[in-house]
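A.B. asks: Taking my numbering, the leading residue of the sequence shown gets 14, the next gets one more, and so forth. Every residue gets a Cβ at the ideal spot worked out from N, C-alpha and C, and that includes glycine. Below is a structure I'd like to ask you about.
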Amino acid sequence: MMARTVLNHSDISRALTRISHEILESNRGSADLVILGIPTRGTVLARRIAEIIQRIEPDAPVQLAGSLDVTMYRDDLSRTRTRTPSPTDVPVGIDGKTVVLVDDVLFSGRTIRAAFDALNDLGRARAVRLAVLVDRGHRDFPIRADFVGKNLPSATSERINVHLSEIDGAEFVSIEGG
Ligand code: 5GP
Ligand code: MG
C-alpha cells in the first residue's frame, strides 16, 4: 500500500513549536500547567512540548510533563485486542492545575473520553485542554482539540502513520490505505 507523507521532520517541529506558543498564550504563561501525554507517542510529544515551553519560558517549573495511561478506563476495553497498560507517571498533583492532554492522533475521541475518567481518579484539575499532532476526524464523542498540529480529513479505511525519532528512529507522518 502506498503511503503519502503529510508532515516531514520540519513540519512536525514547527507544529510543536506553534502549539507550545499557543498553550502559553491561552494559559497566559506556564504557571500551573501540567502536560500529560497519552502513551506511547503522546508521551513523547508531551515531553517535547514541555521542553519547548521550558526554552520559551526558562522560569517554567522543570517537571511539567508526564504520562497518563487510559487503558483500563476505555469503554471499548472488552471489544478490542488485549491491551497492556503502560505506566502512568504524573509528576505533580493536578488539583487546581491546567492539564494539557497530548496525543498523536485524534480519531473517535474515545481515548480522550477515557482520559477524563483517568484524570478524575487523580484529582480535580482547574481545566483540561487537548493538544494533538493530527486530527483525522470521525468523532464518536463531542470532543475537539484546542491545539492541532494538522487537520487531516481521512477516510475511515485510511491509517495515519506517526513516526517519532525517539521511538521509530524516523520523523514523519504519512497516510495510507483508503
Ligand atoms: P480515538 O480514541 O480518538 O479513536 O483514537 C485515538 C487514539 O488511537 C490515539 O491514541 C492514537 O494514537 C490512536 N489512533 C487512532 N487512529 C489512528 C491513526 O490513524 N493512526 C495512528 N497512528 N494512531 C491512531
Ligand atoms: Mg496512541
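Here's the rule I'm using: 16 or more other beta-carbon atoms within 10 Å means buried, otherwise exposed. How should P166 be labelled?
C.D. replies: Under this definition P166 is an exposed residue.
A.B. asks: Should R123 be listed as close to the ligand MG, given that the test is whether its C-beta is under 7 Å from any heavy atom?
C.D. replies: Checking the Cβ of R123 against the ligand MG gives no.
A.B. asks: Measuring CB to CB, does A138 end up less than 8 Å from L132?
C.D. replies: Yes; because the gap between Cβ atoms is below 8 Å, this pair is in contact.
A.B. asks: Verify whether the separation of the beta carbon atoms of V113 and A144 is less than 8 Å.
C.D. replies: The answer is yes: Cβ separation under 8 Å.
A.B. asks: Evaluate T169 with the Cβ neighbour count: other Cβ atoms within 10 Å of its Cβ, from every protein chain shown; 16 or more gives buried, anything less gives exposed.
C.D. replies: That one is exposed.
A.B. asks: Are there any heavy atoms of the ligand 5GP lying less than 7 Å away from the beta-carbon of F120, as far as the coordinates show?
C.D. replies: At least one heavy atom of the ligand 5GP is nearer than 7 Å to the Cβ of F120, so yes.
A.B. asks: Rounded to whole angstroms, what is the Cα-Cα separation between D72 and L58?
C.D. replies: Whole-angstrom Cα-Cα distance: 21 Å.
A.B. asks: Count the C-beta pairs between the stretch 113-126 and the stretch 51-67 that are closer than 8 Å, then say yes if the count reaches three, no if not.
C.D. replies: They touch, by the three-pair rule.
A.B. asks: In its own chain, which residues sit with a C-beta less than 6 Å from the C-beta of D45, not counting the 5 before and 5 after it?
C.D. replies: Here the set comprises K110, T111.
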